[in-house]
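For reference, the structure is listed below as structure tokens.
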Amino acid sequence: MNIVNREKRQIPEILDKYADHLDKLIDMASTLLDKYLQKNALGDDKLVAILFFRNALEYADSISILIRNSSIEPIKAINRILLENLLQLEYLLDCDTERRSYAFLVWMLKQEIKIYKKIDKNSLQNVHFKKKISNDKLIKDISVFDNIKVEAALERYSEILKIDGYKEANIEYEKMKSKSNAYWFSLYSGPKNISELAEKLNRSAHYEIFYRNMSNNIHGTDIFKNKLVSKQDTGLTHLLKLRNPHEADIVLKDTLNFLFSMNLIFLQKLIPEETESFGVWYLSFQDFFINLGKKEDFAVIK
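Residues in the sequence shown are numbered from 0 upward in steps of one, following numbering that gives the first Met the number 0.
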């Protein structure tokens with residue numbers, strides 16, 4: 000038995016409708032992003048919110064592709080990414096945005112520096128790195144790194160960290176660098192982890208209900224739920240075929256909620272002058288958004 004269902008004729012037509020509506024929200028988000036870019040949002044610190052938002056759109060767009068092909072289960076893992084994007088974007092734009100943006104930029108550079116130091120033949124980190132590689136089952140040769148100009152990269156990053164904005168955030172980062180799992184939002188006495196971040200933003204329900212439940216999808220341990228089906232007439236248990244549309248409306252609802260929340264945050268914090276036009280657009284979207292999974296028109300027939 001081939002458990003992969005690639006027959007288009009077996010994919011419910013409603014899934015195209017689902018994807019079309021998600022595309023409408025993505026297109027609106029793209030319009031908001033373009034409006035903000037037209038405001039001449041210059042400066043490295045301005046890029047952080049822009050790229051968080053763009054990142055969310057890219058993942059949401061991939062969900063649209065998956066929905067059209069009835070590949071529903073993997074969307075749960077992507078929704079977890081969207082939720083993390085939502086929490087971080089909201090924290091970034093909540094207040095003190097410039098300082099928080101530089102905190103992210105410095106944290107990001109520090110992650111890059113850690114990687115370069117691992118492949119720097121003159122570093123202690125390289126000794127530990129080579130030892131780990133030598134124990135790998137498949138990868139033994141790391142000569143691929145020999146042509147990377149490590150010194151030039153590290154020197155370039157060192158110069159960036161001397162620039163105003165970066166310099167202050169770097170000083171703060173150095174205070175907490177001993178905490179190896181520290182997040183960028185932990186700088187300046189910020190939340191220590193995602194749970195605290197959600198609590199600070201009054202989104203603890205998002206963490207407890209969505210984030211925790213989606214963790215198994217991220218870590219590859221959600222292997223039982225919606226994977227088996229029992230036949231009442233025979234008493235036998237069978238594997239469900241891949242590309243089963245079951246729960247399409249549920250996972251799409253999560254996607255829409257997370258992306259819609261990011262739209263509102265981006266709109267209110269960066270381009271409030273577009274609020275009226277967004278409201279007009281929403282009138283054409285709200286029926287689907289509110290009634291997804293409730294109306295027969297918007298439900299997957301199993």
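All C-beta atoms, glycine included, are put in the ideal place defined by N, C-alpha and C. These figures come from a predicted structure and were not determined experimentally.
Ends of the beta strand (DSSP E) at residue i?
| i | result |
| --- | --- |
| residue 237 | 236 to 238 |
| residue 70 | Here residue 70 belongs to no beta strand (DSSP E), and DSSP marks it neither H nor E. |
| residue 227 | 227 to 229 |
In the DSSP assignment, find the unbroken alpha helix (DSSP H) run with residue i in it and report its ends.
| i | result |
| --- | --- |
| residue 63 | 43 to 67 |
| residue 224 | Segment: none, residue 224 is in no alpha helix (DSSP H) and carries neither H nor E. |
| residue 262 | 247 to 269 |
| residue 150 | 149 to 159 |
| residue 274 | 274 to 282 |
| residue 103 | 96 to 117 |
| residue 199 | 193 to 199 |
Straight-line CA distance for residue i to residue j?
| i | j | result |
| --- | --- | --- |
| residue 32 | residue 113 | 32 Å |
| residue 21 | residue 135 | 42 Å |
| residue 300 | residue 103 | With a pLDDT of 49 at residue 300, under the threshold of 50, the predicted position of this residue should be treated as unreliable, though the coordinate-derived value follows. Going by the C-alpha atoms only, they are around 45 Å apart. |
| residue 283 | residue 247 | 22 Å |
| residue 167 | residue 187 | 11 Å |
| residue 236 | residue 98 | 56 Å |
| residue 51 | residue 214 | 21 Å |
| residue 35 | residue 84 | 18 Å |
| residue 171 | residue 105 | 10 Å |
| residue 191 | residue 202 | 15 Å |
| residue 127 | residue 117 | 8 Å |
| residue 5 | residue 212 | 28 Å |
| residue 249 | residue 53 | 24 Å |
| residue 14 | residue 242 | 12 Å |
| residue 287 | residue 228 | 30 Å |
| residue 72 | residue 180 | 29 Å |
| residue 121 | residue 130 | 15 Å |
| residue 63 | residue 182 | 30 Å |
| residue 240 | residue 61 | 21 Å |
| residue 110 | residue 260 | 29 Å |
| residue 87 | residue 169 | 19 Å |
| residue 279 | residue 262 | 14 Å |
In the DSSP assignment, what are the bridge partners of residue i?
| i | result |
| --- | --- |
| residue 241 | 3 |
Identify whether residue i lies in helix, strand or coil by the three-state DSSP scheme.
| i | result |
| --- | --- |
| residue 175 | helix |
| residue 168 | helix |
| residue 288 | helix |
| residue 206 | helix |
| residue 12 | coil |
| residue 28 | helix |
| residue 301 | With a pLDDT of 45 at residue 301, under the threshold of 50, the modelled position of that residue is not reliable, and no figure is offered here. |
| residue 186 | coil |
| residue 124 | helix |
| residue 162 | coil |
| residue 19 | helix |
| residue 37 | coil |
| residue 216 | helix |
| residue 137 | coil |
| residue 93 | helix |
| residue 130 | helix |
| residue 78 | helix |
| residue 146 | coil |
| residue 84 | helix |
Hey, residue i and residue j are a contact pair by Cβ (cut 8 Å); roughly how many whole angstroms apart?
| i | j | result |
| --- | --- | --- |
| residue 258 | residue 24 | 6 Å |
| residue 251 | residue 66 | 7 Å |
| residue 238 | residue 226 | 7 Å |
| residue 91 | residue 48 | 6 Å |
| residue 210 | residue 81 | Going by Cβ atoms, the distance from residue 210 to residue 81 rounds to 11 Å, so no, they are not a contact pair. |
| residue 28 | residue 46 | Residue 28 to residue 46, Cβ: 17 Å. No contact. |
| residue 7 | residue 216 | Incorrect: roughly 26 Å between the Cβ atoms, too far for contact. |
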